[in-house]
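Q: My questions all concern the structure below.
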Amino acid sequence: MAQAAFSTKIRIVEIGVVGTRVAPSDLGRPDGPPIQYAVLDDLPALELPAPLYLNRPAAAEKFPAGPVNRHSRTMCSVRNGFMFSPFGLIVLPDGTLVRESALNIDAGALSFTYGQFKGQFPGTHIMWATAPGAVLSLNSYSTNNYFHFLIDSLAQMHWRQRVPAAAAARMIITGYDDESAKALPFMAQSLARAAIGNQMLMPFDGTLMFCPHVLFPARDTGANPAKVAELRRLLGVSGRTRGSAKLYITRPGAQRRRLVNDAEIAQRLARLGFTPVDPGALSFDQQVELFADAAVIVGPHGAALTNAAFMSPGGAVVELTHEARVVWTFHEVAGAAGLSYACVIGDRTDPAANALFADFVVNADEVEAATRAALQAVGL
Numbered sequence: 000m001a002q003a004a005f006s007t008k009i010r011i012v013e014i015g016v017v018g019t020r021v022a023p024s025d026l027g028r029p030d031g032p033p034i035q036y037a038v039l040d041d042l043p044a045l046e047l048p049a050p051l052y053l054n055r056p057a058a059a060e061k062f063p064a065g066p067v068n069r070h071s072r073t074m075c076s077v078r079n080g081f082m083f084s085p086f087g088l089i090v091l092p093d094g095t096l097v098r099e100s101a102l103n104i105d106a107g108a109l110s111f112t113y114g115q116f117k118g119q120f121p122g123t124h125i126m127w128a129t130a131p132g133a134v135l136s137l138n139s140y141s142t143n144n145y146f147h148f149l150i151d152s153l154a155q156m157h158w159r160q161r162v163p164a165a166a167a168a169r170m171i172i173t174g175y176d177d178e179s180a181k182a183l184p185f186m187a188q189s190l191a192r193a194a195i196g197n198q199m200l201m202p203f204d205g206t207l208m209f210c211p212h213v214l215f216p217a218r219d220t221g222a223n224p225a226k227v228a229e230l231r232r233l234l235g236v237s238g239r240t241r242g243s244a245k246l247y248i249t250r251p252g253a254q255r256r257r258l259v260n261d262a263e264i265a266q267r268l269a270r271l272g273f274t275p276v277d278p279g280a281l282s283f284d285q286q287v288e289l290f291a292d293a294a295v296i297v298g299p300h301g302a303a304l305t306n307a308a309f310m311s312p313g314g315a316v317v318e319l320t321h322e323a324r325v326v327w328t329f330h331e332v333a334g335a336a337g338l339s340y341a342c343v344i345g346d347r348t349d350p351a352a353n354a355l356f357a358d359f360v361v362n363a364d365e366v367e368a369a370t371r372a373a374l375q376a377v378g379l
């Protein structure tokens, strides 16, 4: 007897094709279409600052100045769908994946998502759980990462002020159950600081859950003014006067993405009054308070620079990176937070190393020049 063929194809559908556009105030109404979406036209644009200093002019195209609108303005509503994996992919009963529920649909991203899904087993159920009410899914790609959790998940709570149905739903923010989240203490600590209790959250163990009604913002990544303003409000640092602290981010115990001449940079910046800090050795509350009082921070590309979002407008960020990892991530954080930005690009110590994890070195003279430009910009 011949075996049935097994298909490895993934069916994907755009919500604009199968859904109905409605006003934000009508999104998710029970008498409306089962698949809907709303688009907000009044979200503020992200205004990117021109870099104060950039040591490699060829990289200038990565850091444009002026307004950009690359972030999503869409909130989706689906009835009788399934949530799959800690990252909140939404799948229709026939197995079709809703495109807007995934940040990236490529082999690497999907493999990572499936890996995280498998990592959550054994779940607390046999086949799937069922949500007892409406769910607001804010968990998104790689929420087990400090940057993605804060900027792409927790900060998305701003939708609750804009869409009534979202405000009424219980939230999934981490995508991980309590036991799994213990290895990522910033999750529980940030929720506690934001006064988000269990009564506001929908339990989810990161495997599979049937949702009679699920709402979710179209997945995107990166900072924008709405996200940063909400994050600062939730964490109690809105409206603070800009601080005066000068911080240099160091990672003494790092196993990868090491700045090889870290000691040299720390010594050079100490002459300018900078204090070395290791955010990985601090609690979440300590990080928030430390960076909320900062005027200028200098540090290597990595999750610790996410803390720039806690700084008051008028400060500055100096990012240190290498030639294979020149991205706009923290340029966007700076713009969304009202900060100036500078970037010093160095080189990988091993040109063949993975760009995301490679060790690297930067020129100390160029770091000092960038830092002096940042200090001048903020009046220190």
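Going by numbering that gives the first Met the number 0, the sequence shown opens with residue 0, and the numbers climb by one from there.
For each residue, glycine too, the CB sits at the ideal point set by N, CA and C.
In this text, all values refer to a predicted model and were calculated from it rather than measured experimentally.
(1) Assuming aspartate 358 and threonine 370 make a contact with CB atoms under 8 Å, what is their CB distance in whole Å?
(2) Any idea what DSSP makes of arginine 192, helix, strand or coil?
(3) Grab the span of the alpha helix (DSSP H) containing valine 16 for me, first residue to last.
(4) Check for me: the alpha helix (DSSP H) holding tyrosine 52 runs from which residue to which?
(5) Of all the beta strand (DSSP E) runs that stay within the bounds of the segment 257-302, which reach a length of 3 or more residues?
(6) Taking the straight line between their C-alpha atoms, what separation do you get for proline 299 and valine 236?
(7) Return the first residue and the last residue of the beta strand (DSSP E) that glutamine 35 is part of.
(8) Given alanine 222, which residues of its chain have a CB within under 6 Å of its CB, disregarding the five upstream and five downstream residues?
(9) In this structure, does DSSP put aspartate 177 in helix, strand or coil?
(10) Using a Cβ-Cβ cutoff of less than 6 Å, which residues in the same chain neighbour arginine 72 once the five nearest sequence positions on both sides are dropped?
(11) Could you name the residues of the same chain whose beta carbon sits closer than 6 Å to that of phenylalanine 62, not counting the 5 residues immediately before and after it, in chain order?
(12) Do phenylalanine 290 and phenylalanine 309 come within 8 Å of each other at the CB atom, strictly closer than that value?
(13) Answer yes or no: do isoleucine 344 and alanine 58 have a C-beta to C-beta separation smaller than 8 Å?
(14) Could you tell me which residues DSSP pairs with histidine 321 in its beta bridges?
(15) Taking only three categories from DSSP, how would you classify valine 366?
(16) Is the beta carbon of alanine 133 less than 8 Å from the beta carbon of histidine 212?
(17) Whole angstroms are fine: how far does the CA of phenylalanine 356 sit from the CA of tyrosine 175?
(18) Buried or exposed: tyrosine 113, going by 16 or more other Cβ atoms within 10 Å of its Cβ?
(19) Please classify methionine 186 as buried or exposed, where buried requires at least 16 other C-beta atoms within 10 Å of its C-beta.
(20) For the alpha helix (DSSP H) holding leucine 45, just list the boundary residues, first then last.
(21) With DSSP as the reference, identify every bridge partner of valine 134, one or two as the case may be.
(22) Is glutamine 375 buried or exposed, if buried means 16 or more other CB atoms sit within 10 Å of its CB?
(23) Could you tell me the boundaries of the alpha helix (DSSP H) in which valine 227 lies?
(24) Are the beta-carbon atoms belonging to tyrosine 145 and threonine 305 less than 8 Å from one another?
A: Result, derived from the coordinates:
(1) Reading the sequence shown from its first residue, position 359 is the one you call residue 358. Reading the sequence shown from its first residue, position 371 is the one you call residue 370. Between threonine 370 and aspartate 358 the Cβ distance is about 22 Å, and since that is not below 8 Å, they are no contact.
(2) Working through the sequence shown from its first residue, we reach residue 192 at position 193. Secondary structure at arginine 192: helix, using DSSP grouped into helix, strand and coil.
(3) Counting from one through the sequence shown, the residue named residue 16 turns up at place 17. For valine 16, the enclosing alpha helix (DSSP H) has its first and last residue at 14-17.
(4) Reading the sequence shown from its first residue, position 53 is the one you call residue 52. Segment: none, tyrosine 52 is in no alpha helix (DSSP H) and carries neither H nor E.
(5) Entirely contained in the segment 257-302, the beta strand (DSSP E) runs reaching 3 residues are, in chain order, 274-276, 293-299.
(6) Along the sequence shown, read from residue 1 onward, the residue named residue 299 stands at position 300. Along the sequence shown, read from residue 1 onward, the residue named residue 236 stands at position 237. Each residue's Cα considered, the two are about 24 Å apart.
(7) Sequence index remark: in the sequence shown, residue 35 carries index 36 (1-based). Counting along the chain, glutamine 35 sits inside the beta strand (DSSP E) bounded by residues 34-38.
(8) For the purposes of this step, residue 222 is taken as the residue at position 223 of the sequence shown. Its chain contains Ile150, Glu331, Val332, Ala335 as the residues whose beta carbon lies nearer than 6 Å to that of alanine 222, once the 5 sequence neighbours on both sides are disregarded; these appear in chain order.
(9) Here the question's residue 177 lines up with position 178 in the sequence shown. Aspartate 177 falls in the helix class under three-state DSSP.
(10) Your numbering for residue 72 matches position 73 in the sequence shown. For arginine 72, where only same-chain residues beyond five positions count, the Cβ hits under 6 Å are Val38, Leu39, Leu42.
(11) On the sequence shown, residue 62 is found 63 positions in, with the first residue counted as 1. Here the set comprises Pro50, His330.
(12) Within the sequence shown, numbered from 1, the residue matching residue 309 stands at position 310. Within the sequence shown, numbered from 1, the residue matching residue 290 stands at position 291. For the pair phenylalanine 309 and phenylalanine 290, the CB atoms are nearer than the 8 Å cut-off.
(13) Within the sequence shown, the letter at position 345 stands for residue 344. Within the sequence shown, the letter at position 59 stands for residue 58. Yes, the Cβ-Cβ distance between isoleucine 344 and alanine 58 is below 8 Å.
(14) To locate residue 321, count along the sequence shown from 1; it is residue 322. Its beta-bridge partners are Gly345.
(15) Your numbering for residue 366 matches position 367 in the sequence shown. In the structure shown, the three-state DSSP call for valine 366 is helix.
(16) In the sequence shown, the residue the question calls residue 133 occupies position 134. In the sequence shown, the residue the question calls residue 212 occupies position 213. In this structure, histidine 212 lies closer than 8 Å to alanine 133 by Cβ.
(17) Residue 175 sits at position 176 when you count from the first residue of the sequence shown. Residue 356 sits at position 357 when you count from the first residue of the sequence shown. Roughly 25 Å separates the two Cα atoms.
(18) In the sequence shown, residue 113 corresponds to position 114, counting from 1. Using a 10 angstroms sphere on the CB of tyrosine 113, the tally of other CB atoms stays under 16, which defines it as exposed.
(19) The residue you call residue 186 lines up with position 187 of the sequence shown. It is buried - the Cβ of methionine 186 has at least 16 other Cβ atoms within 10 Å.
(20) Counted from its first residue, the sequence shown places residue 45 at position 46. The continuous stretches of alpha helix (DSSP H) do not include leucine 45, which lies in the beta strand (DSSP E) extending over residues 45-47.
(21) Sequence index remark: in the sequence shown, residue 134 carries index 135 (1-based). Bridge partners of valine 134: Arg169, Val213.
(22) Within the sequence shown, the letter at position 376 stands for residue 375. Its Cβ having fewer than 16 others within 10 Å, glutamine 375 is exposed.
(23) Along the sequence shown, read from residue 1 onward, the residue named residue 227 stands at position 228. For valine 227, the enclosing alpha helix (DSSP H) stretches over residues 224-233.
(24) As a first step, residue 145 must be located in the sequence shown, where it is residue number 146. As a first step, residue 305 must be located in the sequence shown, where it is residue number 306. Yes, the pair counts as a contact, with Cβ atoms nearer than the cut-off.
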